[in-house]
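I have placed the structure first, in the form of structure tokens, so that the comments after it can refer back to it.
Number of protein chains: 2
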Amino acid sequence: MTNDDEMAFETALVARAAAVETLLRRLLDDRALTGEIARPGRLMAAMRHGVLNGGKRLRPFLVMESAALFSADGEAALRVAAALECVHCYSLIHDDLPAMDDDDLRRGQPTVHRAFDEATAILAGDALLTLAFDILADETTALPAERRAAVVLALARAAGTGGMVGGQTLDLEAERIAPDEAGIIRLQAMKTGALIRFACEAGAVVAGVPAGDRERLAEFGSAIGLAFQLADDLLDLTADAAQMGKATGKDAAAGKATLVALHGEAWARAQLHGLVHQAHALLEPYGEQAGLLKAAATFVATRNN
Amino acid sequence: MTNDDEMAFETALVARAAAVETLLRRLLDDRALTGEIARPGRLMAAMRHGVLNGGKRLRPFLVMESAALFSADGEAALRVAAALECVHCYSLIHDDLPAMDDDDLRRGQPTVHRAFDEATAILAGDALLTLAFDILADETTALPAERRAAVVLALARAAGTGGMVGGQTLDLEAERIAPDEAGIIRLQAMKTGALIRFACEAGAVVAGVPAGDRERLAEFGSAIGLAFQLADDLLDLTADAAQMGKATGKDAAAGKATLVALHGEAWARAQLHGLVHQAHALLEPYGEQAGLLKAAATFVATRNN
Chain X
263 MTNDDEMAFE TALVARAAAV ETLLRRLLDD RALTGEIARP GRLMAAMRHG VLNGGKRLRP
323 FLVMESAALF SADGEAALRV AAALECVHCY SLIHDDLPAM DDDDLRRGQP TVHRAFDEAT
383 AILAGDALLT LAFDILADET TALPAERRAA VVLALARAAG TGGMVGGQTL DLEAERIAPD
443 EAGIIRLQAM KTGALIRFAC EAGAVVAGVP AGDRERLAEF GSAIGLAFQL ADDLLDLTAD
503 AAQMGKATGK DAAAGKATLV ALHGEAWARA QLHGLVHQAH ALLEPYGEQA GLLKAAATFV
563 ATRNN
Chain Z
263 MTNDDEMAFE TALVARAAAV ETLLRRLLDD RALTGEIARP GRLMAAMRHG VLNGGKRLRP
323 FLVMESAALF SADGEAALRV AAALECVHCY SLIHDDLPAM DDDDLRRGQP TVHRAFDEAT
383 AILAGDALLT LAFDILADET TALPAERRAA VVLALARAAG TGGMVGGQTL DLEAERIAPD
443 EAGIIRLQAM KTGALIRFAC EAGAVVAGVP AGDRERLAEF GSAIGLAFQL ADDLLDLTAD
503 AAQMGKATGK DAAAGKATLV ALHGEAWARA QLHGLVHQAH ALLEPYGEQA GLLKAAATFV
563 ATRNN
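Protein chains in written order, with the working numbering: chain X, 263 to 567; chain Z, 263 to 567.
Here is the structure:
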């Protein structure tokens, strides 16, 4: 990636993040919607604390860029992006709970259960997950009902038992019995991979493109999902807490089974190189239009926080 | 209600519960669906523990009967009923957690976090909530996409910030600062009322009837939701734990603000009588077809467990 590509990507990432942040702020407003009785202030504040925290908004970026690749409706893609970010943030709130990873810090700020309390954190996560499906199904997401239903289904499947939540369960089990290589790959494909895959696939669903394109974008998402996790494991090994805004070195300290622990740093870097190559190759049919998505793949593999 | 009506209702309730139980068992199977990577056995077991526990399945009954009132597709209504039950059961699993009500027993069995562990209970709840939207959006729910999207939206709004989860937040706050009468009514309309209202409304959405009929069924749902909560508060005062399968007398012991505590038992019974009358009146336009729904309203107000 040239410096120009990198700069174009970083500019676009910041712009997309600002757009999704504005929408999320509106969606998490205290005012009740039609069909809602009231929005309790403390719950809304906890939801905002968990969502409006300066994240990079990588997943929303992937939704919006994959939608743009097919010239899909940008406003609809933005709402899908916001819904996905609600799911991602709910998962972080629940993962941070004392019964789970018991983390005090997230992006340099107190986690939701530290800033509020445990019950409120559980409920804020529940409410964000529910809100995600509200956003997608609402007619304000100006897509044919078929696509709204399709994107609800795809997100539910990526986030549920056979995806993210299932992956979190496997991760908890991995603390007791170390999984083998196939087990680690499955765990990661579910825990972090499924939502990233969905992010890339969602743009194709929003655009209503043929199944072949949707599958290609999903495969692109799987490749960068794998890269994302490898880079994360490398960062846990090499970065410090200030750089990451959260505790690091936890994997090694916990003797956690990761592919990096299994095969070493050099192998991991070679793998990352291969995954970026594979991701870029998948986007070849789309030519220059796919420039920012390709840059995103490179970014995911080489990020340093 | 005559004895005949009562028997017909109880027979129908048991039959509907058996149908929904069969479907839930299939939906909570260990085998992964298309788009799922794997279903972790421990997570699925925890979900089954929280769902397949011999509940009365009142909410599914209301969905199926309100759908039948408009001659809607029975299979689709059954799936909507199962999705709603997943949401209801997730809410019980999370409500029972140590950080919330800290309950050890539910329907005479150990709660999910007692039978498994706290992390698994949190995740099983998350997964059930997610599964509900999966069920509704899936084309297997053989409805036009418009109706699938509409039922996703209605459930999300009933279960979320401005409905059930918001109500649970208000309930936690009520332990610190006792709400006034309007506050109690709002809390209950959100915490327990919204899902019961949705149950009755959902049948109309499944059937795709005009807005007037949908609104009438929703109002019927609101009336019996209020009755349900009043009856619950009365039972907490008068029933014992063996009868209820869970701890009782908790409200009074906690000095909890309920309408029964505020106005007394006689007032509550008179209110219940009025609510049943109102619920029955709302169903007048549907004549004899509405017999079982009317019986359900009576049951909700007079149940003894």
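Ideal placement from N, C-alpha and C gives every residue a C-beta, glycine not left out.
Cβ of D442 of chain X within 8 Å of any chain Z Cβ: For this step, residue 442 of chain X is matched to residue 180 along the first sequence. Output row for D442 of chain X: interface = no.
Cβ neighbours of R565 of chain X in the same chain (closer than 7 Å, five flanking residues each side left out): Numbered from 1 along the first sequence, position 303 holds the residue referred to as residue 565 of chain X. Excluding sequence positions up to five before and after R565 of chain X, its CB lies within less than 7 Å of the CB of A493, all in the same chain and listed in chain order.
Test item: CB-CB of L496 of chain Z and L385 of chain Z under 8 Å: In the second sequence, residue 496 of chain Z corresponds to position 234, counting from 1. In the second sequence, residue 385 of chain Z corresponds to position 123, counting from 1. Going by C-beta atoms, L496 of chain Z is not nearer than 8 Å to L385 of chain Z.
Within-8 Å CB hit, R368 of chain Z to chain X: To locate residue 368 of chain Z, count along the second sequence from 1; it is residue 106. No, R368 of chain Z does not count as interfacial toward chain X.
Minimum Cβ-Cβ distance from F490 of chain Z to chain X less than 8 Å: The residue labelled residue 490 of chain Z in the question sits at position 228 within the second sequence. With respect to chain X, the C-beta atom of F490 of chain Z has no partner C-beta closer than 8 Å.
Contacting positions in the region 386-409 of chain Z - beta carbon closer than 7 Å to chain X: For the region 386-409 of chain Z, which is checked against every Cβ of chain X, the residues closer than 7 Å are D388, A389, L391, T392, L393, F395, D396, A399, D400, A407, E408.
Coil, strand or helix - R368 of chain Z by DSSP: Residue mapping note: residue 368 of chain Z aligns to position 106 of the second sequence, counting from 1. Reduced to three states, the DSSP call for R368 of chain Z is strand.
Which of helix, strand or coil DSSP assigns to R301 of chain Z: Reading the second sequence from its first residue, position 39 is the one you call residue 301 of chain Z. Coil, per DSSP.
Supposed close pair A451 of chain Z, G487 of chain Z - CB separation, criterion 8 Å: Counting from one through the second sequence, the residue named residue 451 of chain Z turns up at place 189. Counting from one through the second sequence, the residue named residue 487 of chain Z turns up at place 225. About 7 Å separates the two Cβ atoms, so the contact holds.
Contact the region 337-348 of chain Z vs the region 268-277 of chain Z: 3+ CB pairs below 8 Å: The region 337-348 of chain Z makes no contact with the region 268-277 of chain Z, as fewer than three CB pairs between them are under 8 Å.
Neighbourhood of L432 of chain Z by C-beta, 6 Å cutoff - its chain only, sequence neighbours within 5 removed: Your numbering for residue 432 of chain Z matches position 170 in the second sequence. Hits under 6 Å: L449.
Classification of G474 of chain Z by the beta-carbon crowding that lies within 10 angstroms, buried from 16 upward: To locate residue 474 of chain Z, count along the second sequence from 1; it is residue 212. By the neighbour-count rule (16 or more Cβ atoms within 10 Å), G474 of chain Z is not buried but exposed.
Closer than 8 Å at the beta carbon, the chain Z residues around A528 of chain X: Start at 1 with the first residue of the first sequence, and residue 528 of chain X comes out as number 266. Those do not exist, as A528 of chain X stays about 28 Å from chain Z at its closest Cβ, beyond 8 Å.
Neighbourhood of A480 of chain X by C-beta distance below 7 Å, restricted to the same chain and skipping five residues each side: As a first step, residue 480 of chain X is located in the first sequence; it is residue number 218 there, counting from the start. Counting only residues of its own chain and dropping the five nearest sequence neighbours on each side, A480 of chain X has a CB closer than 7 Å to the CB of R459, C462, E463.
Whole-number beta carbon distance between D366 of chain X and T430 of chain X, since they are thought to touch under 8 Å: Numbered from its first residue, the first sequence carries residue 430 of chain X at position 168. Numbered from its first residue, the first sequence carries residue 366 of chain X at position 104. A small fix is needed here, since residue 430 of chain X is Gln in this sequence, not Thr. No, Q430 of chain X and D366 of chain X are not in contact; Cβ-Cβ is about 19 Å, not under 8 Å.
Chain Z residues whose Cβ lies nearer than 7 Å to that of M326 of chain X: Against the first sequence, residue 326 of chain X aligns to sequence position 64. The contacting residues do not exist; M326 of chain X stays about 22 Å from chain Z at best.
Closest residue to H311 of chain Z among Z:T402, Z:L286, Z:A300 (Cα-Cα distance): Here the question's residue 311 of chain Z lines up with position 49 in the second sequence. For H311 of chain Z, the nearest C-alpha among the options comes from Z:L286.
Assigned secondary structure, L359 of chain X (DSSP; H/G/I helix, E/B strand, else coil): To locate residue 359 of chain X, count along the first sequence from 1; it is residue 97. Coil at L359 of chain X, not helix or strand.
Contacts of Q430 of chain Z in chain X (Cβ-Cβ under 8 Å): Numbered from 1 along the second sequence, position 168 holds the residue referred to as residue 430 of chain Z. Residues of chain X passing the Cβ test: L385.
Residue closest to P406 of chain X, alpha-carbon to alpha-carbon, out of Z:T403, Z:I447, Z:A411: If you number the first sequence from 1, residue 406 of chain X lands on position 144. For the residues Z:T403, Z:I447, Z:A411, the minimum Cα distance to P406 of chain X belongs to Z:A411.
Cα-Cα separation between K453 of chain Z and G425 of chain Z, rounded to whole angstroms: Locating residue 453 of chain Z in the second sequence gives position 191, counting from the first residue. Locating residue 425 of chain Z in the second sequence gives position 163, counting from the first residue. Taking the Cα positions, K453 of chain Z is about 6 Å away from G425 of chain Z.
Span of the alpha helix (DSSP H) around R287 of chain X: On the first sequence, position 25 is the one that residue 287 of chain X refers to. Looking at the DSSP string, the run of the alpha helix (DSSP H) that includes R287 of chain X is 265-289.
8 Å Cβ cutoff, L457 of chain X in contact with chain Z: Counted from its first residue, the first sequence places residue 457 of chain X at position 195. For L457 of chain X, no Cβ of chain Z is located within less than 8 Å of the residue's own Cβ.
Beta carbon proximity, L289 of chain Z to chain X, threshold 8 Å: Along the second sequence, read from residue 1 onward, the residue named residue 289 of chain Z stands at position 27. Not closer than 8 Å to any Cβ of chain X, the Cβ of L289 of chain Z fails to qualify, so no.
Beta carbon proximity, H350 of chain X to chain Z, threshold 8 Å: The residue you call residue 350 of chain X lines up with position 88 of the first sequence. No - not a single Cβ of chain Z is within 8 Å of the one on H350 of chain X.
Limits of the alpha helix (DSSP H) - the one that D433 of chain Z falls within: The count along the second sequence starts at 1 and reaches residue 433 of chain Z at position 171. Per DSSP, D433 of chain Z belongs to the alpha helix (DSSP H) from 426-438.
CB contact below 8 Å: E435 of chain Z versus chain X: The count along the second sequence starts at 1 and reaches residue 435 of chain Z at position 173. Taking Cβ atoms only, chain X reaches closer than 8 Å to E435 of chain Z, which makes this a yes.
Residues that E298 of chain X contacts on chain Z, provided the C-beta gap is smaller than 8 Å: Within the first sequence, the letter at position 36 stands for residue 298 of chain X. Against chain Z, a Cβ distance below 8 Å from E298 of chain X picks out R419, G422, T423, G424, G425, G428.
G536 of chain X versus T560 of chain X - alpha carbon distance: Here residue 536 of chain X corresponds to residue number 274 of the first sequence, with the count starting at 1. Here residue 560 of chain X corresponds to residue number 298 of the first sequence, with the count starting at 1. One C-alpha to the other measures close to 11 Å.
G331 of chain X to L398 of chain X span [Cα, whole Å]: For this step, residue 331 of chain X is matched to residue 69 along the first sequence. For this step, residue 398 of chain X is matched to residue 136 along the first sequence. Note on identity: in this sequence residue 331 of chain X is Leu, with Gly being the wrong assignment. Counting only the Cα atoms, L398 of chain X lies some 20 Å from L331 of chain X.
Presumed contact (8 Å Cβ cut-off) between L415 of chain Z and D400 of chain X, rounded CB distance: Position 153 of the second sequence, counted from the start, is the residue given in the question as residue 415 of chain Z. Position 138 of the first sequence, counted from the start, is the residue given in the question as residue 400 of chain X. Right, their Cβ atoms sit about 6 Å apart.
Close-in-space but distant-in-sequence residues of the same chain around Q371 of chain X (CB under 7 Å, 5 per side omitted): Position 109 of the first sequence, counted from the first residue, corresponds to residue 371 of chain X. Same-chain partners within the cutoff: N315.
Same chain, Cβ closer than 7 Å to A404 of chain Z, five either side skipped, listed in chain order: As a position in the second sequence, residue 404 of chain Z is number 142, starting the count at 1. Scanning its chain for C-beta atoms nearer than 7 Å, with the 5 sequence neighbours on each side dropped, one finds around A404 of chain Z the residues D335, E337, A338, in chain order.
Per-residue contacts from H356 of chain Z into chain X (C-beta, under 8 Å): Your numbering for residue 356 of chain Z matches position 94 in the second sequence. Neighbours of H356 of chain Z on chain X, chain order: I384, L385, D388.
CB contact flag (R278 of chain Z, T423 of chain X, <8 Å): Within the second sequence, residue 278 of chain Z is the residue found at index 16, counting from 1. Within the first sequence, residue 423 of chain X is the residue found at index 161, counting from 1. For R278 of chain Z and T423 of chain X, no; Cβs fall outside 8 Å.
Residue span of the alpha helix (DSSP H) that contains A451 of chain X, given as start and end: Along the first sequence, one-based indexing puts residue 451 of chain X at 189. Here A451 of chain X belongs to no alpha helix (DSSP H), and DSSP marks it neither H nor E.
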